[in-house]
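There are 2 protein chains.
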Amino acid sequence: MAKRKVEIYDTTLRDGAQAEEVNFSLEDKIRIALKLDEFKIDYIEGGWPGSNPKDLQFFKEIRNYNLKHAKIVAFGSTHHPKKNPETDENLKQLLLAKTPVVTIFGKSWTVHVKDALKVDLETNLEIISNSIRFLKANVKKVFYDAEHFFDGFKEDPDYAIETIKRAKSAGADCIILCDTNGGTLPFEMVEIIKEVKRRLGRGFNFGIHAHNDSECAVVNSLEAVRLGAVQVQGTINGIGERCGNANLCSIIPNLVLKMGYHCSCAENLHKLTEVSKYVFEIANLPHPSRLPFVGRSAFAHKGGVHVSAVLKSPRTYEHIDPLAVGNVRRVLVSELSGKSNIIYKAREFGIDLKMDSPLLNKIVEEIKNLEAEGYEFEAAEASLELLIYRLMGEPKQYFELLSYKVFDLKIDQHFPKAEATVLVRVPPGVGEVEHTAALGNGPVNALDNALRKALERFYPQIKEMELEDYKVRVLPGLPGTASKVRVLIISRSKDKKWGTVGVSTDILEASCQALIDSYTYKLFLDKKGN
Amino acid sequence: MAKRKVEIYDTTLRDGAQAEEVNFSLEDKIRIALKLDEFKIDYIEGGWPGSNPKDLQFFKEIRNYNLKHAKIVAFGSTHHPKKNPETDENLKQLLLAKTPVVTIFGKSWTVHVKDALKVDLETNLEIISNSIRFLKANVKKVFYDAEHFFDGFKEDPDYAIETIKRAKSAGADCIILCDTNGGTLPFEMVEIIKEVKRRLGRGFNFGIHAHNDSECAVVNSLEAVRLGAVQVQGTINGIGERCGNANLCSIIPNLVLKMGYHCSCAENLHKLTEVSKYVFEIANLPHPSRLPFVGRSAFAHKGGVHVSAVLKSPRTYEHIDPLAVGNVRRVLVSELSGKSNIIYKAREFGIDLKMDSPLLNKIVEEIKNLEAEGYEFEAAEASLELLIYRLMGEPKQYFELLSYKVFDLKIDQHFPKAEATVLVRVPPGVGEVEHTAALGNGPVNALDNALRKALERFYPQIKEMELEDYKVRVLPGLPGTASKVRVLIISRSKDKKWGTVGVSTDILEASCQALIDSYTYKLFLDKKGN
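Protein sequence lines correspond, in order, to chains E and L. Each residue of the first sequence is one higher than the last, beginning at 1 in the UniProt record's numbering. Each residue of the second sequence is one higher than the last, beginning at 1 in the UniProt record's numbering.
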């Protein structure tokens, strides 16, 4: 039997960005969109162009990239009650976004129509209808988000139904039923959706958008799919306003592995954990270890009987195979799955490792140790590649940083001043020593400037590269300012980009590790002829 | 109509303690048990006396306390296949715990009977039956945990049913259906429970124990209750092995506020947030802000329009009244914030601002400017409060940092060394100047140590406070290491917590701003008499 297809609509960049601790830069948004496209998410909601200039900039920028699969969606509202579609600023901005798909939300709940929009109920219906008709004339696909649909239905079912009937007859390609406040329980939702289907009849194409305020968002989404929803909206790791949105990282594997549905991203399901970690790395959020499917603890087994049982017959203590979602079983006695990950990764770097080689054990061991110290290689693959070469006995080393000194001061009302000096030897061990100094607008920048200045004398191609992003994560452990930090640097040269990592209680030392790896990788790429 | 009663069974101290990052001391366990009793949890599973001496010690110790409501439960397994109940060490330890209730688990899944117990199917049935009969002769109440019940049912329904029939006829007071691997989806669970009820007939008293591996544990528990479960097992905040157990902090309010069930703890529901925070405080885990009902962000509102709507009519954007679970509405001051946010926030600080006052305009203006520079006040409310006082012409200033110098170096293979000196004047402008120095395990830590050392001379109460968290966020704008950074510091003194913020291209300068605000706020709190 052919599996029914469900479309996945990601709103990490819009609803996810409403989460309290989330704040994406334009560059962050582009990177996440590219990652989601690579994973084959069907729709990527990029933002609300009418709400701020950054979002409009995103839509302009993303057009420079050739997306493989995903369609970019612009989000907005129905037109303002005092405007018409042609004069409405919000709808105008939506068209300026030039996306193949637009989603607009409108009011389903009479309370909101009267109190928020301050119009009569019939006018709201016309606003919905006119807004969609106008957009349909200009955009390929239009989705209609029925905001507060379930609350609205509980208050006045006839009116809530009428709003989506109008949206449908105005040409909306899909009607998204939204549990905006996240208060609806699954059994209520099931009854309401059944009634909606009865009243809307054939040809009613609907989707679901759930929030997690009652800890039911994932189940609500799955139940809607069982009742025929063709589209599920959610975010990576469930980030979003208040308690978050429906978590796509749980919904997708449940749909694909357990419920027999098909999604475009099913072929990439083994990259789910990577996508989940990538997005939080970019968002500069710690990745919660308890996350279902993708968390570090999701397949962690404590010692003893449990472990030997799970190795003999994994399904006795695991609901799915962790490899199916790109996660790993974590047990004390064997790192079998760790090995296959490394083999897979090394192959991407063009290095062939054998499952039974002692070198592989050594690499897995070293990575485990570094991870225990706080290193993470998810977004720092250049550091991982350099590490593997080092353990293979083929270290890539083009220079040696013998020492650094950094001085930073603030006196009275003057600007802070930072100065660094470095001693660099090229080639390492035997070469000439360059001693130089530089200023910077902070201690890390001063150190970076001094190192770059020293290296450029020997390797003028360093000028081609730039540091595109610099992130600092404070690791749990020691309290307050005594904590360890992890520094992640993303560098770019020509069309190549790479990430490097460093860890220390001293932010300068951690930055220095990441900088050394970053400059080294640039020189390594040039040797390889890239 | 009288509400049906559901009993709440907490296993935070046993299954919760199996979570990867959790490690309770004996004292921790006692404190949590007392808190749960005060909250009127019905059953508190204290541990597995057969598995470690600490747990047996807990049962001995807790008898010294006069619990008001809760019954303490000891947990263990059916007797060893090679023993009988009278000679089994595990059952003996269960009796030594001297609890009014004992819960034992047994095997429902044929695979486990054969592979783990290594006995034939009939022997397992006898083990279950004999173990329960033995315990019932010695303990008031015996609950039977049917481990892996749903997986066992899917494999061999007749056998799984037979195991619980035997438990029932041996006298178990309640049969707990366990989704041990957390893989069962709600609609599967509903079908299985219906079938079990058909086969077990009248007088079948059952409970539910769910795990969250598919992000369905809360809903699975609620569905079981709808089908007649009289007992729900779970943990505070859902901690537990792998992805955790069913989260009682979501289950209880859903049952009480939305589904019309009665629980003993319903009368204390307004203490739910406090209980949730207390347990994580003891467990030394950060309290996730996104937790439904009890999280810091659960009722946090960001957007301007949104905020004015929620203030007029809270239910338009809130699924329940936050006070019902002891949480609070939070209006976040962010880029989107308007005057109504500031008025609301100021009122929280005890400052009365009028909508039409010029001061309000000045404050909104200043916050917008600071936000454009990269400041964020969402998590830094102490900095916001100090800022408002400053703009009101009532600055809170107890010291003045005249200058700092920080020196950080790494030479050869030696550890990096950081040293800071500071010049502090108390009181500002006119007072005595303290010049001091300190080392640190990084430049920020050195600066913090020096500042604290200088201040403690004048304000010994600084010793009461500690920096609980330190976060660094690199802001978009200048490339790479030249970027601006935002530093957020969370401080604590006694039962008070506050956040402060600093922004600069120099991480030391940004940290310094946040540190100054943090120490200032502590001194301000003391003046206010908090």
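We put the CB at the ideal spot given by N, CA and C, even for glycine.
Measuring straight from C-alpha to C-alpha, what distance separates E/Y375 and E/I282? E/Y375 and E/I282 have their C-alpha atoms some 16 angstroms from each other.
Pick from L/E400, L/L401, L/G442, L/Q397 that is closest to L/A418, judged by C-alpha positions: L/G442
Which same chain residues, not among the five before or five after L/T235, have their C-beta less than 8 angstroms away from its C-beta? Same-chain partners within the cutoff: D10, T11, T12, D15, G16, G244, N245, A246, N247, L248.
Helix, strand or coil, according to DSSP, for E/R330 in the structure here? In the structure shown, E/R330 sits in a strand (DSSP, three-state: E or B).
Check E/A246 in the structure and name its three-state DSSP category. coil
So, at 8 angstroms on beta carbons, what are the nonlocal neighbours of L/N90 in its own chain, with the 5 sequence-adjacent residues on each side left out? In its chain, beyond the 5 residues on either side, G50, G76, S77, H79, H80 have a beta carbon closer than 8 angstroms to the beta carbon of L/N90.
How many whole angstroms separate the CB atoms of E/L96 and E/E61, which I take to be in contact at a CB cut-off of 8 angstroms? Your pair E/L96 and E/E61 does not check out as a contact, with CB atoms roughly 13 angstroms apart and the cut at 8 angstroms.
Could you tell me whether any Cβ in chain L is nearer than 8 angstroms to the Cβ of E/D408? yes
In terms of alpha-carbon separation, which member of L/S357, L/I388, L/K354, L/D356 lies closest to L/L370? L/I388
Listing by chain order, which chain L residues have their CB less than 9 angstroms from the CB of E/M405? Position check: residue 405 of chain E holds Lys in this sequence, whereas Met was assumed. Going along chain L in sequence order, the residues near E/K405 (Cβ under 9 angstroms) are F407, D408, L409, K410, I411.
In angstroms, rounded to a whole number, what distance separates the CA positions of L/D158 and L/L200? 11 angstroms
Under 9 angstroms from the C-beta of E/I32: neighbouring residues of chain L: Those do not exist, as E/I32 stays about 14 angstroms from chain L at its closest Cβ, beyond 9 angstroms.
What three-state label does DSSP hand E/Y375 in the structure shown? coil
Using 8 angstroms as the cut-off, can you tell me whether the stretch 37-56 of chain E makes contact with the stretch 310-324 of chain E, which would need three or more C-beta pairs spanning the two stretches below that distance? The stretch 37-56 of chain E and the stretch 310-324 of chain E do not touch, with fewer than 3 CB-CB distances between them shorter than 8 angstroms.
Between E/V333 and L/R242, what straight-line distance do the alpha-carbon atoms span, to the nearest angstrom? Low confidence applies here, because E/V333 scores a pLDDT of 36, under 50, leaving its location unreliable; read the following figure in that light. Spanning the two alpha carbons is a distance of roughly 17 angstroms.
CB contact check: L/T99 to chain E, cutoff 8 angstroms: Not an interface residue.
Take E/Q397 as the anchor and find which of E/I516, E/N220, E/G529 has the nearest alpha-carbon. E/I516
State buried or exposed for E/K3, treating a residue as buried only when at least 16 other CB atoms are found within 10 Å of its CB. exposed
Got a sec: is the Cβ-Cβ distance from E/L4 to anything in chain L below 8 angstroms? It is worth fixing the name first, because residue 4 of chain E is Arg in this sequence and not Leu. No, no contact with chain L.
For E/E468, I'd like the list of residues in its chain whose CB is within less than 8 angstroms of its CB, leaving aside the five on either flank, ordered along the chain. Closer than 8 angstroms at the Cβ level, and outside the excluded window around E/E468, lie E27, I490, S491, R492, K497.
Flag this pair as yes or no: are the beta carbons of L/A146 and L/C178 separated by less than 8 angstroms? yes
Extent of the continuous alpha helix (DSSP H) run through E/I507: Residue range 507-528 is occupied by the alpha helix (DSSP H) that includes E/I507.
Quick one: list the residues of chain L neighbouring E/A300, beta-carbon separation under 7 angstroms, in chain order. Neighbours of E/A300 across chain L, judged by C-beta separation under 7 angstroms: E20, R242.
Once you ignore the five residues that flank L/Y317 on each side, which residues in its own chain have a CB closer than 8 angstroms to its CB? Once the five neighbours on either side are set aside, the close Cβ partners of L/Y317 are H301, H306, A309, V310.
Here's a check: name, in chain order, each residue in its chain whose Cβ is nearer than 6 angstroms to the Cβ of L/L421, leaving out the five neighbours to either side. Leu is not the amino acid found at residue 421 of chain L; the sequence shown has Thr there. Cβ within range, chain order: K405, A437.
Give the residues from the stretch 182-194 of chain L that approach chain E closer than 9 angstroms (Cβ to any Cβ), ordered along the chain. G182, G183, T184, L185, P186, F187, E188
With 8 angstroms as the threshold, decide whether the Cβ of L/I516 is near any Cβ in chain E. For L/I516, the answer is no, since every Cβ of chain E falls outside 8 angstroms of its Cβ.
Could you list the residues in the stretch 198-217 of chain E with a C-beta less than 7 angstroms from some C-beta on chain L, going in chain order? N212, D213, S214, E215, C216
Relative to chain E, which residues along the stretch 267-295 of chain L have a C-beta separation below 9 angstroms, given in chain order? P286, P288, S289, R290, L291, P292, F293, G295
What are the boundary residues of the beta strand (DSSP E) that includes E/L227? Unbroken run through E/L227: none, as it is neither H nor E.
Output, in sequence order along the chain, the residues in the stretch 143-166 of chain E whose CB is closer than 9 angstroms to any CB in chain L. Legend: CB atoms of the stretch 143-166 of chain E lying less than 9 angstroms from CB atoms of chain L belong to residues H148, D151.
Residue burial classification, L/T481 (beta-carbon count within 10 angstroms, cutoff 16): Buried, by the Cβ-count rule.
Under three-state DSSP, which class holds L/A97? coil
Taking Cβ-Cβ distances below 9 angstroms as the criterion, which residues of the stretch 488-515 of chain E are in contact with chain L? I489, I490, S491, S504, T505, D506, I507, L508, E509, A510, S511, C512, L515
Are the Cβ atoms of L/I104 and L/L135 separated by less than 8 angstroms? yes
To the nearest angstrom, how far is it from the Cα of E/Y261 to the Cα of E/N124? 36 angstroms
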